[in-house]
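Here's the structure we're looking at; comments come further down.
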Amino acid sequence: MDHIIQAIVLGVLQGLTEFLPVSSSAHLIVVPQWFGWDDPFLDSNAFDVMLHLGTLLALVAYFWADLWRYLRAWLASLAEARIGADVDRRLAWLLLITVIPGAVLGAGGESFFDTFFRQRSPIYIALLLVIGAGFLWLGERQGDRSRAMAQLRVRDAVVIGLAQALALFPGLSRSGTTIGTGLLLGLEREAAARFSFLMSVPIIAGAAVWKGRELVAAGIPPADGGPLLAGLTAATLCGLLAIGSLLAWLRRRSTDVFVAYRLAFAAAIVVVLLAR
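For the sequence shown, the tail end lands on 363 under our numbering, and the numbers increase by one without skipping.
Printed below as a string of C-alpha cells:
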C-alpha cells in the first residue's frame, strides 16, 4: 500500500510539474527526500519510464488533432519532396528540428547527467530553480508577445531546441526554458506554451523508448505492477489537467506566478537544508 500511495503522489507531481514551468525533476528529487522515501522502487528505471509514459499519453490525448495534422503534413512533404508555403509542413519540420540538440546532448552526455542526477544535491537544484525563475521573468519583460506559432523560423526552432537541451539539468524545467525562450523570441504566451508542449512529444517518447530498453529486457516484477499503474494513471490525468489549465491561464495572465513559486520552492529547499 505504501508503494501505491507514494507512486500516486509522485505521479501527480510528474503530471503537474512536467508541464507547469516549475521543474518536474526538482520536485521528484526533493519531495521524496523531504518525506524520507528512500525506496529503490521510486528510483527504478521502470517507475521513471511509467511516469514519462503517463505524461506522453497526456500530450497525445490533448494534442491528438494537432499531432495527426502535423504528421500528415510531414509525410506529404516527404512524398512530394517539398515543403513550400504550407504552414503545417513547415511547423512539422520545425518541431523535429527542436529535438536534435536535446537528443545529441542527452545521448552524448548520458553518463554526466546520470552522475548529476545521482548526486541530487538540493543546493544545486535550488540554484537552478532561481536561474530558471530569472529566465522566465526576463522572457516576460523583454518579449513583445506579437508572434504566432505560424511565424516561427528555423533559427527560432534551433534556439528553442537548445533551451530544451539545457533543461536536462534538474531544476531548470523543460517547459520553463522553452516557454521563456519562446517569449524572448516574441511569441505570444499561449503560442510559446503550445509549441513547447508539441515539441516535447518526440523528446519524451524518445526518452521513454531509450530507457524502456532495459525494462523490456529485465521485465516487471509482479509486485510492482500495481504501483506502476497507479503512477502512470496519476501522471496521465494530472498531465491533462496541467496542459489545459496552463494554456487557459496564459491566454489572460503572465508567467509571474510560476516565477514566484520557483523562488519560494528554492527558498524552502534551502531552509530545510539549514534546519537539518
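Think of the CB as a built atom: it goes at the ideal place given N, C-alpha and C, for glycine as much as any other residue.
When you compare only the Cα positions, how much space is there between residue i and residue j?
i	j	result
residue 297	residue 133	12 Å
residue 341	residue 266	11 Å
residue 286	residue 163	20 Å
residue 270	residue 226	5 Å
residue 231	residue 273	5 Å
residue 359	residue 173	53 Å
residue 258	residue 110	5 Å
residue 191	residue 184	12 Å
residue 150	residue 90	31 Å
residue 234	residue 275	6 Å
residue 103	residue 96	11 Å
residue 349	residue 154	31 Å
residue 209	residue 158	40 Å
residue 146	residue 312	23 Å
residue 343	residue 268	15 Å
residue 302	residue 136	8 Å
residue 116	residue 324	21 Å
residue 217	residue 353	7 Å
residue 307	residue 138	15 Å
residue 180	residue 127	40 Å
Counting along the chain, where does the alpha helix (DSSP H) carrying residue i start and finish?
i	result
residue 213	209 to 229
residue 121	111 to 122
residue 251	241 to 253
residue 89	89 to 104
residue 258	Segment: none, residue 258 is in no alpha helix (DSSP H) and carries neither H nor E.
So for residue i, helix, strand or coil by DSSP?
i	result
residue 281	helix
residue 274	strand
residue 232	coil
residue 363	coil
residue 108	coil
Cβ atoms of residue j and residue i: under 9 Å apart, would you say?
i	j	result
residue 251	residue 189	yes
residue 247	residue 284	no
residue 143	residue 280	no
residue 237	residue 178	yes
residue 106	residue 223	no
residue 118	residue 213	no
residue 182	residue 278	no
residue 113	residue 215	yes
residue 260	residue 108	yes
residue 372	residue 98	No information on residue 372 is available, as it lies outside the stretch 88 to 363 that the chain covers here.
residue 318	residue 94	yes
residue 299	residue 141	no
**Prompt:** Which runs of the beta strand (DSSP E) fall wholly inside the segment 308 to 358 and span at least 3 residues, in chain order?
**Reply:** The segment 308 to 358 contains no whole beta strand (DSSP E) run of 3 or more residues.
**Asked** Residue ranges of each alpha helix (DSSP H) run of no fewer than 4 residues wholly in the segment 131 to 199, ordered along the chain?
**Response** With a minimum length of 4 residues, the unbroken runs of alpha helix (DSSP H) contained wholly in the segment 131 to 199 fall at 132 to 149, 151 to 167, 174 to 195.
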